Amino acid sequence: MILLSRRMVLASAAALAACGQKPEPQAAPAPKTKAADPATLEGAVAGAWRLPADRARDPFRHPVESLRFWGLKPGATVVEFWPGAGWYTDILAPYLAATGGKLYAAQQQITDPADTATRTVFDAYARRFSGNPKLYGKIEFTSFGPTSGPVAPAGSADLVLFLRNLHNWMAAGIAEKAFRDAFLALKPGGVLGVEEHRANPGGVPDLLASNGYVEQAYAMKLAEEAGFRLAGESEINANPKDTKDHPFGVWTLPPVRRTSAFGQPADPGFDRAKYEAIGESDRMTLKFVKPA
207 MILLSRRMVL
217 ASAAALAACG
227 QKPEPQAAPA
237 PKTKAADPAT
247 LEGAVAGAWR
257 LPADRARDPF
267 RHPVESLRFW
277 GLKPGATVVE
287 FWPGAGWYTD
297 ILAPYLAATG
307 GKLYAAQQQI
317 TDPADTATRT
327 VFDAYARRFS
337 GNPKLYGKIE
347 FTSFGPTSGP
357 VAPAGSADLV
367 LFLRNLHNWM
377 AAGIAEKAFR
387 DAFLALKPGG
397 VLGVEEHRAN
407 PGGVPDLLAS
417 NGYVEQAYAM
427 KLAEEAGFRL
437 AGESEINANP
447 KDTKDHPFGV
457 WTLPPVRRTS
467 AFGQPADPGF
477 DRAKYEAIGE
487 SDRMTLKFVK
497 PA
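Residue numbers (this note's numbering): 207 to 498.
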(Lines of atoms letter the chains of each structure in order from A and count residues from 1; the text may use other names and numbers.)
(Lines give C-alpha, C1' and ligand atoms only; values in the text may rest on other atoms or scores of the structure.)
Protein backbone atom coordinates (compact mmCIF):
# COMPACT_ATOMS: atom_id res chain seq x y z
CA MET A 1 0.00 0.00 0.00
CA ILE A 2 1.32 3.45 -0.94
CA LEU A 3 0.60 6.19 1.56
CA LEU A 4 0.36 9.69 0.07
CA SER A 5 1.52 12.68 2.07
CA ARG A 6 -0.56 15.84 2.22
CA ARG A 7 2.03 17.57 -0.03
CA MET A 8 1.71 14.84 -2.67
CA VAL A 9 -2.08 15.10 -2.63
CA LEU A 10 -1.92 18.86 -3.11
CA ALA A 11 0.61 18.52 -5.89
CA SER A 12 -1.56 15.99 -7.68
CA ALA A 13 -4.58 18.29 -7.38
CA ALA A 14 -2.56 21.17 -8.86
CA ALA A 15 -1.44 19.02 -11.79
CA LEU A 16 -4.99 17.99 -12.56
CA ALA A 17 -6.11 21.61 -12.44
CA ALA A 18 -3.36 22.56 -14.89
CA CYS A 19 -4.69 19.96 -17.33
CA GLY A 20 -8.19 21.36 -17.02
CA GLN A 21 -9.37 18.51 -14.86
CA LYS A 22 -10.98 18.92 -11.44
CA PRO A 23 -9.76 16.69 -8.61
CA GLU A 24 -12.18 14.18 -7.15
CA PRO A 25 -13.92 15.68 -4.07
CA GLN A 26 -12.66 14.22 -0.82
CA ALA A 27 -15.30 12.80 1.54
CA ALA A 28 -15.55 14.67 4.83
CA PRO A 29 -14.48 12.59 7.84
CA ALA A 30 -17.37 11.10 9.77
CA PRO A 31 -18.07 13.12 12.91
CA LYS A 32 -17.07 11.43 16.10
CA THR A 33 -19.93 10.57 18.45
CA LYS A 34 -19.27 12.06 21.85
CA ALA A 35 -20.18 9.75 24.69
CA ALA A 36 -22.61 11.16 27.22
CA ASP A 37 -20.84 12.50 30.30
CA PRO A 38 -22.54 11.11 33.41
CA ALA A 39 -20.91 13.85 35.50
CA THR A 40 -23.66 16.19 34.27
CA LEU A 41 -27.38 15.63 34.72
CA GLU A 42 -27.99 16.06 31.00
CA GLY A 43 -25.27 13.52 30.25
CA ALA A 44 -26.59 11.02 32.78
CA VAL A 45 -30.09 11.27 31.27
CA ALA A 46 -28.71 10.98 27.72
CA GLY A 47 -26.59 7.92 28.58
CA ALA A 48 -26.71 5.06 26.08
CA TRP A 49 -26.75 2.59 28.99
CA ARG A 50 -30.38 3.52 29.75
CA LEU A 51 -33.06 1.18 28.43
CA PRO A 52 -34.94 2.48 25.35
CA ALA A 53 -38.30 2.00 27.11
CA ASP A 54 -37.05 4.11 30.03
CA ARG A 55 -35.78 6.88 27.76
CA ALA A 56 -39.15 6.98 26.01
CA ARG A 57 -40.74 8.09 29.30
CA ASP A 58 -38.49 11.14 29.77
CA PRO A 59 -41.08 13.55 28.29
CA PHE A 60 -43.47 12.49 31.07
CA ARG A 61 -41.03 12.20 33.96
CA HIS A 62 -38.76 15.21 33.27
CA PRO A 63 -35.74 13.79 35.14
CA VAL A 64 -33.34 16.69 34.57
CA GLU A 65 -35.87 19.33 35.63
CA SER A 66 -37.09 17.27 38.60
CA LEU A 67 -33.63 16.54 39.98
CA ARG A 68 -32.64 20.17 39.56
CA PHE A 69 -35.77 21.26 41.43
CA TRP A 70 -34.88 18.92 44.29
CA GLY A 71 -31.36 20.36 44.33
CA LEU A 72 -29.24 17.33 43.42
CA LYS A 73 -25.58 18.36 43.55
CA PRO A 74 -22.32 16.66 42.46
CA GLY A 75 -20.92 14.47 45.21
CA ALA A 76 -24.23 14.22 47.08
CA THR A 77 -25.34 11.32 49.24
CA VAL A 78 -28.78 10.22 48.02
CA VAL A 79 -31.31 7.69 49.31
CA GLU A 80 -33.81 6.33 46.79
CA PHE A 81 -36.77 4.60 48.47
CA TRP A 82 -38.15 1.58 46.62
CA PRO A 83 -36.27 2.03 43.34
CA GLY A 84 -38.11 -0.91 41.76
CA ALA A 85 -36.48 -1.92 38.48
CA GLY A 86 -34.23 1.16 38.57
CA TRP A 87 -35.72 3.81 36.26
CA TYR A 88 -34.19 6.64 38.29
CA THR A 89 -31.22 4.59 39.52
CA ASP A 90 -29.97 4.42 35.92
CA ILE A 91 -29.59 8.21 36.07
CA LEU A 92 -28.65 8.75 39.70
CA ALA A 93 -26.00 6.05 40.08
CA PRO A 94 -23.79 7.07 37.10
CA TYR A 95 -24.07 10.75 38.03
CA LEU A 96 -23.14 10.14 41.66
CA ALA A 97 -20.36 7.69 40.77
CA ALA A 98 -18.85 10.22 38.35
CA THR A 99 -18.98 13.07 40.86
CA GLY A 100 -17.85 11.28 44.02
CA GLY A 101 -21.30 10.86 45.52
CA LYS A 102 -23.08 7.95 47.18
CA LEU A 103 -26.36 6.18 46.49
CA TYR A 104 -28.37 4.15 49.00
CA ALA A 105 -31.07 1.98 47.39
CA ALA A 106 -33.71 1.26 50.02
CA GLN A 107 -35.49 -1.63 48.34
CA GLN A 108 -38.86 -3.00 49.40
CA GLN A 109 -38.46 -5.07 52.56
CA ILE A 110 -39.37 -8.70 51.97
CA THR A 111 -41.44 -9.77 54.96
CA ASP A 112 -42.95 -12.90 53.41
CA PRO A 113 -40.53 -15.63 52.25
CA ALA A 114 -43.17 -16.69 49.73
CA ASP A 115 -43.11 -13.25 48.05
CA THR A 116 -41.17 -14.41 45.01
CA ALA A 117 -42.33 -11.48 42.85
CA THR A 118 -40.62 -8.89 45.04
CA ARG A 119 -37.54 -11.09 45.38
CA THR A 120 -37.30 -11.44 41.59
CA VAL A 121 -37.40 -7.66 41.11
CA PHE A 122 -34.82 -7.10 43.84
CA ASP A 123 -32.45 -9.77 42.50
CA ALA A 124 -32.65 -8.41 38.95
CA TYR A 125 -31.97 -4.90 40.26
CA ALA A 126 -29.00 -6.06 42.33
CA ARG A 127 -27.48 -7.98 39.42
CA ARG A 128 -27.80 -5.09 37.03
CA PHE A 129 -26.49 -2.33 39.23
CA SER A 130 -23.75 -4.35 40.90
CA GLY A 131 -22.43 -5.73 37.63
CA ASN A 132 -20.89 -2.52 36.29
CA PRO A 133 -19.15 -0.67 39.14
CA LYS A 134 -17.22 1.50 36.68
CA LEU A 135 -20.52 3.07 35.55
CA TYR A 136 -22.74 2.73 38.62
CA GLY A 137 -20.21 2.90 41.44
CA LYS A 138 -20.86 0.97 44.63
CA ILE A 139 -24.53 1.23 45.53
CA GLU A 140 -25.40 0.49 49.14
CA PHE A 141 -28.43 -1.81 49.34
CA THR A 142 -30.73 -1.27 52.30
CA SER A 143 -34.46 -1.82 52.72
CA PHE A 144 -37.63 -0.05 53.73
CA GLY A 145 -40.76 -1.72 55.06
CA PRO A 146 -42.88 -2.30 58.15
CA THR A 147 -40.03 -3.51 60.37
CA SER A 148 -36.96 -2.24 58.52
CA GLY A 149 -34.12 -0.41 60.21
CA PRO A 150 -32.37 2.77 59.03
CA VAL A 151 -32.28 3.29 55.24
CA ALA A 152 -28.92 5.04 55.63
CA PRO A 153 -26.73 6.18 58.53
CA ALA A 154 -28.51 8.86 60.57
CA GLY A 155 -27.80 12.39 59.36
CA SER A 156 -25.81 11.25 56.32
CA ALA A 157 -28.03 12.05 53.33
CA ASP A 158 -28.24 15.26 51.34
CA LEU A 159 -31.30 14.12 49.39
CA VAL A 160 -33.98 11.47 49.90
CA LEU A 161 -36.37 10.62 47.06
CA PHE A 162 -39.93 9.28 47.21
CA LEU A 163 -40.70 8.57 43.55
CA ARG A 164 -44.29 7.49 42.83
CA ASN A 165 -44.48 5.21 45.86
CA LEU A 166 -46.39 7.12 48.51
CA HIS A 167 -49.67 5.49 47.43
CA ASN A 168 -48.13 2.04 47.95
CA TRP A 169 -47.02 2.96 51.48
CA MET A 170 -50.44 4.37 52.31
CA ALA A 171 -52.05 1.11 51.20
CA ALA A 172 -49.58 -0.82 53.36
CA GLY A 173 -49.97 1.46 56.38
CA ILE A 174 -46.31 2.55 56.39
CA ALA A 175 -46.48 6.07 54.92
CA GLU A 176 -45.80 7.75 58.27
CA LYS A 177 -42.80 5.47 58.80
CA ALA A 178 -41.43 6.42 55.38
CA PHE A 179 -41.37 10.10 56.31
CA ARG A 180 -39.86 9.36 59.73
CA ASP A 181 -37.13 7.17 58.23
CA ALA A 182 -36.35 9.83 55.61
CA PHE A 183 -36.12 12.52 58.29
CA LEU A 184 -33.71 10.38 60.31
CA ALA A 185 -31.45 9.71 57.29
CA LEU A 186 -31.17 13.36 56.21
CA LYS A 187 -28.64 15.89 57.37
CA PRO A 188 -30.01 19.11 58.86
CA GLY A 189 -30.86 21.18 55.79
CA GLY A 190 -31.22 18.04 53.67
CA VAL A 191 -34.03 17.68 51.14
CA LEU A 192 -36.87 15.21 50.71
CA GLY A 193 -38.13 15.12 47.11
CA VAL A 194 -41.61 13.72 46.46
CA GLU A 195 -43.17 12.80 43.12
CA GLU A 196 -46.64 11.27 43.38
CA HIS A 197 -49.87 10.76 41.44
CA ARG A 198 -52.06 13.71 42.42
CA ALA A 199 -55.73 13.36 43.36
CA ASN A 200 -58.20 16.16 42.73
CA PRO A 201 -58.35 18.44 45.79
CA GLY A 202 -61.33 18.97 48.00
CA GLY A 203 -62.63 15.45 48.42
CA VAL A 204 -62.43 13.14 51.38
CA PRO A 205 -58.85 11.83 51.42
CA ASP A 206 -58.59 8.14 50.59
CA LEU A 207 -56.14 7.03 53.27
CA LEU A 208 -55.47 3.80 51.38
CA ALA A 209 -54.98 5.54 48.00
CA SER A 210 -57.02 2.75 46.44
CA ASN A 211 -56.97 4.29 42.95
CA GLY A 212 -53.29 5.23 43.18
CA TYR A 213 -53.91 8.97 43.57
CA VAL A 214 -52.96 10.99 46.68
CA GLU A 215 -54.20 14.41 47.73
CA GLN A 216 -51.34 16.90 47.72
CA ALA A 217 -52.52 18.46 50.97
CA TYR A 218 -52.38 15.05 52.65
CA ALA A 219 -48.82 14.40 51.43
CA MET A 220 -47.81 17.77 52.85
CA LYS A 221 -49.50 16.95 56.15
CA LEU A 222 -47.57 13.68 56.47
CA ALA A 223 -44.29 15.45 55.78
CA GLU A 224 -44.96 18.25 58.23
CA GLU A 225 -45.98 15.81 60.97
CA ALA A 226 -42.60 14.10 60.54
CA GLY A 227 -40.82 17.41 61.09
CA PHE A 228 -40.26 18.61 57.52
CA ARG A 229 -40.80 22.13 56.22
CA LEU A 230 -42.25 22.67 52.75
CA ALA A 231 -39.61 24.37 50.57
CA GLY A 232 -41.24 24.31 47.15
CA GLU A 233 -43.94 23.04 44.83
CA SER A 234 -43.55 22.51 41.09
CA GLU A 235 -45.80 21.70 38.15
CA ILE A 236 -42.94 20.01 36.26
CA ASN A 237 -44.82 16.70 36.22
CA ALA A 238 -48.37 18.04 35.92
CA ASN A 239 -50.70 16.64 33.26
CA PRO A 240 -53.99 18.56 32.93
CA LYS A 241 -55.33 15.90 30.56
CA ASP A 242 -55.50 13.36 33.39
CA THR A 243 -59.16 13.15 34.47
CA LYS A 244 -58.34 10.70 37.31
CA ASP A 245 -61.55 8.73 36.85
CA HIS A 246 -60.14 5.69 35.08
CA PRO A 247 -61.73 2.25 35.46
CA PHE A 248 -58.62 0.63 36.93
CA GLY A 249 -57.21 3.64 38.73
CA VAL A 250 -53.97 5.30 37.76
CA TRP A 251 -52.76 1.92 36.50
CA THR A 252 -55.10 2.26 33.50
CA LEU A 253 -52.69 4.87 32.15
CA PRO A 254 -49.20 4.28 30.75
CA PRO A 255 -46.81 2.85 31.67
CA VAL A 256 -48.81 0.05 33.40
CA ARG A 257 -51.73 0.08 30.92
CA ARG A 258 -54.04 -2.15 32.95
CA THR A 259 -57.10 -3.44 31.08
CA SER A 260 -58.81 -5.34 33.90
CA ALA A 261 -59.12 -5.36 37.67
CA PHE A 262 -56.30 -6.67 39.85
CA GLY A 263 -56.17 -10.44 39.77
CA GLN A 264 -58.16 -10.69 36.54
CA PRO A 265 -56.77 -11.65 33.12
CA ALA A 266 -56.07 -8.85 30.66
CA ASP A 267 -58.99 -7.82 28.46
CA PRO A 268 -57.83 -7.88 24.81
CA GLY A 269 -60.93 -5.95 23.75
CA PHE A 270 -60.35 -3.00 26.07
CA ASP A 271 -60.07 0.26 24.08
CA ARG A 272 -56.83 1.91 25.13
CA ALA A 273 -56.91 4.88 22.73
CA LYS A 274 -58.35 7.36 25.24
CA TYR A 275 -55.76 6.50 27.89
CA GLU A 276 -52.82 6.54 25.50
CA ALA A 277 -53.92 10.05 24.47
CA ILE A 278 -53.82 11.15 28.13
CA GLY A 279 -50.31 9.81 28.68
CA GLU A 280 -48.88 9.35 32.16
CA SER A 281 -50.60 10.64 35.29
CA ASP A 282 -50.87 14.15 36.69
CA ARG A 283 -48.27 14.27 39.48
CA MET A 284 -47.33 16.56 42.33
CA THR A 285 -43.65 17.45 42.68
CA LEU A 286 -42.77 18.64 46.17
CA LYS A 287 -39.61 19.69 47.98
CA PHE A 288 -39.30 19.45 51.76
CA VAL A 289 -36.38 20.42 53.98
CA LYS A 290 -35.23 19.02 57.31
CA PRO A 291 -34.79 22.13 59.46
CA ALA A 292 -31.21 22.93 60.39
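All residues carry an ideal CB built from backbone N, CA and C; glycine is no exception.
Note that this is a predicted model, so its numbers are computed, not measured.
Contact set for Arg-256: own chain, Cβ-Cβ below 6 Å, skip 5 residues either direction: Asp-296
Whole-angstrom distance between His-268 and Glu-401, CA atom to CA atom: 11 Å
Counterpart residues of Gly-438 in DSSP-defined beta bridges: Lys-493
Counted within 10 angstroms of its Cβ, other Cβ atoms place Val-410 as buried (16 or more) or exposed: exposed
Euclidean distance between Cα positions of Gly-379 and Gly-351: 10 Å
Ordered list of beta strand (DSSP E) runs contained in the region 297-367, each at least 3 residues: 308-314 and 346-350
Contact check, Pro-184 vs Ala-304, beta carbons under 9 Å: Since the first residue of the chain shown is 207 and the last is 498, residue 184 is not available in this structure.
With 16 other Cβ atoms within 10 Å as the buried cut-off, status of Ala-299: buried
C-beta contact flag for Glu-271 and Tyr-310 at 9 Å: no
Distance CB(Asn-406)-CB(His-452) smaller than 9 Å: no
The region 465-475 touching the region 435-452, judged by at least three CB pairs closer than 8 Å: no
Own chain partners of Gly-307 with C-beta closer than 6 Å, once the 5 adjacent residues on each side are dropped: Gly-281 and Ala-282
C-alpha distance - Pro-235 paired with Phe-266, whole-angstrom precision: Bear in mind that a pLDDT of 49 at Pro-235, under 50, signals an unreliable position, so the number given afterwards is only what the model happens to contain. Cα-Cα distance, rounded: 37 Å.
7 Å Cβ shell around Leu-413 - same chain, five flanking residues per side excluded: Met-376
Host alpha helix (DSSP H) of Val-251 (start-end): 247-252
Close-in-space but distant-in-sequence residues of the same chain around Tyr-424 (CB under 7 Å, 5 per side omitted): Pro-411
Beta-carbon proximity list for Gly-253, same chain, < 8 Å, skipping 5 on both sides: Ala-242, Pro-244, Asp-296, Ile-297 and Pro-300
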